[in-house]
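*Asks:* According to this note's numbering, the residues represented by the sequence shown are 2 to 317, in order.
We put the CB at the ideal spot given by N, CA and C, even for glycine.
Model, not experiment: these values are computed from the prediction.
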Amino acid sequence: MDPDAQIQQQHEPIESKKKSKIQALLSRAQRPEVLLVQFFRQGYDERLRTASFVKPAEPKTFEDVAVNEGCKMVRGSLIVGNRYLRCHLLRLSIQVRYKIYEFLFCHHNSNVEIGVPYNPKIGDLAILRTSHVFYHEASIALYHSLGDRRLFFRNYGSKSADFLRRQPTPLPCCRNRVFQQWLEYPCRNKEIVWRRSFKKIVFLIGASEPLLAVQRRWAFAEFITTLRMGEPLRVHELSVVVYNQWKIPGFDEGDLVRALFSGGIEFLGRLIFRGLAGDETERLTQLIFALRIPNLTIERVRTRAEEEEVSINSCK
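#1: Ser-240 bridges to which residues according to DSSP?
#2: Using CA atoms only, rank isn't needed, just tell me which of Val-75, Thr-298, Arg-155, Phe-221 is closest to Arg-271.
#3: Going by C-alpha to C-alpha distance, which of Thr-282, Arg-42, Gly-71, Ser-78 sits closest to Ser-140?
#4: Measure the alpha-carbon distance for Ile-23 versus Pro-211 and round it to whole angstroms.
#5: Have a look at Asn-245, Gln-246, Gln-287 and flag the residue whose alpha-carbon is nearest the alpha-carbon of Arg-259.
#6: Strictly by DSSP, which residues pair up with Pro-300?
#7: Hey, how far is the Cα of His-89 from the Cα of Pro-173?
#8: Give the DSSP-derived three-state secondary structure of Ile-141 in the structure shown.
#9: Decide yes or no for the touch test of the region 240–247 against the region 196–213: beta carbon pairs closer than 8 Å, at least 3 of them.
#10: For the ligand GTP, any of its heavy atoms closer than 7 Å to the Cβ of Gly-82?
#11: Ignore the nearest five residues each way along the sequence and tell me which others in Glu-308's own chain have a CB closer than 7 Å to its CB.
#12: Between the region 273–289 and the region 216–236, do three or more beta carbon pairs fall short of 8 Å?
#13: Could you give the first and the last residue of the continuous alpha helix (DSSP H) run that contains Asn-69?
#14: Suppose you measure from the CA of Asn-1 to the CA of Asp-280; what does that come to, to the nearest Å?
#15: Checking 8 Å against the spacing of the C-beta atoms, do Ala-162 and Phe-224 come in under that value?
#16: Got a sec, what are the start and stop residues for the beta strand (DSSP E) Ile-115 sits in?
#17: Closest by CA to Gly-148, which one among Leu-105, Arg-217, Lys-61?
#18: If you compare alpha carbons, which of Pro-171, Val-194, Phe-164 is closest to Val-113?
#19: Tell me the rounded alpha-carbon separation between Trp-219 and Lys-100.
#20: For the alpha helix (DSSP H) containing Leu-165, name the first residue and the last one.
#21: Grab the span of the alpha helix (DSSP H) containing Phe-197 for me, first residue to last.
#22: Please report how far the alpha carbon of Leu-152 lies from the alpha carbon of Gly-264, in whole angstroms.
#23: Tell me, to the nearest whole angstrom, how far the beta carbon of Tyr-144 is from that of Arg-197; I am working on the premise that it is less than 8 Å.
#24: By Cβ distance, which residues of its chain are closer than 6 Å to Ile-202, with the 5 residues on each side in sequence left out?
#25: Mapping DSSP to helix, strand and coil, what is Ile-101?
#26: Report yes if the C-beta distance between Glu-98 and Glu-138 is below 8 Å; otherwise report no.
#27: Could you name the residues of the same chain whose beta carbon sits closer than 7 Å to that of Val-68, not counting the 5 residues immediately before and after it, in chain order?
#28: In whole angstroms, what is the alpha-carbon distance linking Ala-278 and Pro-250?
#29: Quick one, are the C-beta atoms of Val-35 and Val-75 less than 8 Å apart?
#30: Between which two residues does the alpha helix (DSSP H) containing Phe-221 stretch?
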């Protein structure tokens, strides 16, 4: 028998098993009916002198936030660009430089899984080592680029929560009070606002194996508790995708609602539940209504299959 053919036959069961798990996950998450919870903010009409609930504001763009923070660190000559400098990058305006950082740190709805030891999709980080100026500018861009991506959680715990709060640290030379040619001195690290909101986050609850489902349930509880101990996670669209065995003893629809609305997450737009059975959807609807939150609406909607695939692509 051909050795290559024998090796191929050995790999086929593994690949088929992997594909079957993915198909099972997709079939549950791609049910056409989803539970949509829409959050509104309170607005005031000065002309009519009336208060009402309006749709939440659109999230600020990466360019607006990052460039505004980057301008706090560099001198005016680098904001507009200095065409007499040797470094061609510093000849460009700060808006153009942040367009380049935007390209280096791939974002704009790209997927990144939180909780893995190393993720090569974060971007090219070599520019952080080039110079003091580029460290500050690029680190600000890297920090805010994560909020522009689709974060996928299947591994929880306190480390995943700490990762969301991680921010660039000052360099030893930042405390140098000697005149610096291109940076404000000493570096204005304390004036940088390290606060961001996330456009899209996906939570996966449950697993195909009972032991993994239990481990994920307790890690999720630790994750939510860690978020409650500090500033809440600000998210514009949170999708909760439930998988097989997501309901286990000690964790059901009530525990899920209590975890999501316990104060660890600040909803700025929509909360979407995917993959639920009919009775589970009814139960969740009743529990959320019982919270008596005035600025939300709940509806059951049918979505296109391709929209469902977007939220679960990271599972592959």
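*Replies:* Let me lay it out:
#1: Within the sequence shown, the letter at position 239 stands for residue 240. DSSP lists Val-203, Ile-273 as partners of Ser-240.
#2: In the sequence shown, the residue the question calls residue 271 occupies position 270. For the set Val-75, Thr-298, Arg-155, Phe-221, the Cα lying nearest the Cα of Arg-271 is the one of Thr-298.
#3: Looking up residue 140 in the sequence shown gives position 139. The residue with the shortest Cα to Cα distance from Ser-140 is Gly-71.
#4: The residue you call residue 23 lines up with position 22 of the sequence shown. The residue you call residue 211 lines up with position 210 of the sequence shown. Reliability fails at Ile-23, whose pLDDT of 45 lies under 50, so the model's placement of it is uncertain and the value that follows must be treated cautiously. The straight-line gap from Cα to Cα measures roughly 17 Å.
#5: Taking the sequence shown and counting its residues from 1, the one referred to as residue 259 is at position 258. Looking from the CA of Arg-259, the closest CA among Asn-245, Gln-246, Gln-287 belongs to Gln-287.
#6: Here residue 300 corresponds to residue number 299 of the sequence shown, with the count starting at 1. The residue you asked about is not Pro; residue 300 is Glu in the sequence shown. Leu-37, per the DSSP bridge assignment.
#7: Within the sequence shown, the letter at position 88 stands for residue 89. Within the sequence shown, the letter at position 172 stands for residue 173. Our two residues, His-89 and Pro-173, have alpha carbons roughly 26 Å apart in a direct line.
#8: On the sequence shown, position 140 is the one that residue 141 refers to. Helix, per DSSP.
#9: Output reads yes: the region 196–213 touches the region 240–247.
#10: In the structure on display, the ligand GTP does not appear, and there are no ligands present to speak of.
#11: Within the sequence shown, the letter at position 307 stands for residue 308. Low confidence applies to Glu-308: its pLDDT is 44, below 50, so where it sits in the model is not reliable enough to give any reading.
#12: Output reads no: the region 216–236 does not touch the region 273–289.
#13: Along the sequence shown, one-based indexing puts residue 69 at 68. First-last of the alpha helix (DSSP H) with Asn-69: 63–71.
#14: The structure shown does not extend to residue 1, since the chain spans only 2 to 317, so no value can be given for it.
#15: The sequence position of residue 162 within the sequence shown is 161, counting from 1. The sequence position of residue 224 within the sequence shown is 223, counting from 1. A contact, by the Cβ cut-off of 8 Å.
#16: Counting from 1 along the sequence shown, the entry for residue 115 is found at position 114. Boundaries of the beta strand (DSSP E) harbouring Ile-115: 112–115, taken from the DSSP string.
#17: Start at 1 with the first residue of the sequence shown, and residue 148 comes out as number 147. Looking at the Cα atoms, Lys-61 is the closest of the given residues.
#18: Numbered from 1 along the sequence shown, position 112 holds the residue referred to as residue 113. If we check each option's Cα against that of Val-113, Phe-164 comes out closest.
#19: Taking the first residue of the sequence shown as 1, we reach residue 219 at position 218. Taking the first residue of the sequence shown as 1, we reach residue 100 at position 99. Approximately 41 Å, taken between the alpha carbons.
#20: What you label residue 165 is simply residue 164 of the sequence shown in a count that begins at 1. Here the alpha helix (DSSP H) through Leu-165 covers 159–166.
#21: Counting from one through the sequence shown, the residue named residue 197 turns up at place 196. The question names Phe, yet the displayed sequence has Arg at residue 197. Counting along the chain, Arg-197 falls outside any alpha helix (DSSP H), and DSSP gives it neither H nor E.
#22: As a working note, residue 152 is residue 151 in the sequence shown. As a working note, residue 264 is residue 263 in the sequence shown. Each residue's Cα considered, the two are about 20 Å apart.
#23: To locate residue 144, count along the sequence shown from 1; it is residue 143. To locate residue 197, count along the sequence shown from 1; it is residue 196. That pair is a contact at about 7 Å.
#24: The residue given as residue 202 occupies position 201 in the sequence shown. These residues qualify, in order along the chain: Leu-152, Val-236, Leu-239.
#25: On the sequence shown, position 100 is the one that residue 101 refers to. It is helical.
#26: Indexing the sequence shown from 1 puts residue 98 at position 97. Indexing the sequence shown from 1 puts residue 138 at position 137. It should be noted that the sequence gives Arg, not Glu, for residue 98. Glu-138 sits close to Arg-98, with the two beta carbons spaced by under 8 Å.
#27: For this step, residue 68 is matched to residue 67 along the sequence shown. For Val-68, where only same-chain residues beyond five positions count, the Cβ hits under 7 Å are Ile-95, Gln-96, Tyr-99.
#28: Reading the sequence shown from its first residue, position 277 is the one you call residue 278. Reading the sequence shown from its first residue, position 249 is the one you call residue 250. Annotation: Ala-278 to Pro-250 spans about 18 Å, alpha carbon to alpha carbon.
#29: Working through the sequence shown from its first residue, we reach residue 35 at position 34. Working through the sequence shown from its first residue, we reach residue 75 at position 74. No, they are not a contact pair.
#30: As a first step, residue 221 is located in the sequence shown; it is residue number 220 there, counting from the start. Counting along the chain, the unbroken alpha helix (DSSP H) around Phe-221 starts and ends at 211–229.
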